[in-house]
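The structure under discussion appears below in the form of structure tokens.
Residue numbers (full-length UniProt numbering): 1 to 243.
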């Protein structure tokens with residue numbers, strides 16, 4: 001039987017000797033492989049555990065940053081506030097869901113669960129990009145409908161992927177539903193923030209694109225009124241001259 005300490009030492013030696021580009025390429029391949037697990041869930045428990053054994057937070061960090069950047073761009077004036085809120089909600093929410101599952105007796109690792117919950121936000125990130133595209137290409141009511149449909153589909157996908165992972169954790173009888181319910185609330189809150197962000201953006205855009213004639217009418221009316229006052233003043237002066 002192989003000594004685990006020797007295996008760990010050989011792994012460390014292999015990663016230390018590799019170049020920076022090889023390390024980056026290895027991390028990118030690993031992130032892509034785990035994103036594939038989220039997009040196409042349904043692997044066995046052994047495959048999932050093997051993939052999550054070497055957990056990392058680079059992928060979830062990239063997903064969270066991308067989501068926060070897109071929503072902050074949409075928010076315009078409140079960009080920094082929106083970025084901070086998204087960042088805190090994603091990481092704090094993932095931590096709360098993980099701690100809740102551990103307190104309910106689930107045999108899960110904290111950072112492994114944090115890793116997979118972060119990766120399962122990827123469908124919502126895709127829907128955010130689609131919502132941004134609908135605004136730029138289509139706009140109007142049709143874009144709002146497409147945004148709602150995209151976010152709902154992504155929400156269902158995220159819940160499905162994360163639930164398939166969480167369901168493999170060994171919870172005591174009657175506690176699995178209590179562990180999965182916060183997962184639903186977590187992704188629902190992220191989806192709600194996406195929809196609210198684009199709804200506010202659409203409302204601000206509609207207000208700024210009000211018809212130009214409506215803004216010019218009061219000025220025209222004022223000009224006409226001033227012209228009438230000039231005529232009346234000239235008429236009064238002529239009457240005073242005649243009498």
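Every residue gets a Cβ at the ideal spot worked out from N, C-alpha and C, and that includes glycine.
Its chain contains 143 as the residues whose beta carbon lies nearer than 6 Å to that of residue 135, once the 5 sequence neighbours on both sides are disregarded; these appear in chain order.
When 205, 59, 70 are compared, the shortest CA-CA separation from residue 119 is found for 59. Rounded to the nearest whole angstrom, the C-alpha separation of residue 150 and residue 108 is 31 Å. In chain order, 186 place their CB closer than 6 Å to the CB of residue 93, counting only its own chain and leaving out the 5 sequence neighbours on each side. In the structure shown, the three-state DSSP call for residue 122 is helix. Between residue 164 and residue 183, the beta carbon gap of about 11 Å keeps them out of contact (Cβ cut-off 8 Å). Taking 8 Å as the cut-off, the Cβ atoms of residue 179 and residue 101 count as close. Here residue 55 carries a coil assignment [DSSP, helix/strand/coil]. In terms of Cβ geometry, residue 126 and residue 67 do not form a close pair [threshold 8 Å].
Residue state for residue 79 is assigned as helix, using DSSP reduced to three classes.
In the DSSP assignment, residue 182 falls within the alpha helix (DSSP H) that extends over 176-208. When rounded, the separation of the alpha-carbon atoms in residue 26 and residue 35 is 14 Å. Setting aside the 5 residues that flank it on each side, residue 194 is surrounded in the same chain by 128, 151, each with a C-beta closer than 6 Å to its C-beta; the list follows chain order.
The alpha carbon of residue 200 has as its nearest neighbour, out of 176, 62, 153, 147, the alpha carbon of 147.
Between residue 117 and residue 98, the C-beta spacing is below 8 Å.
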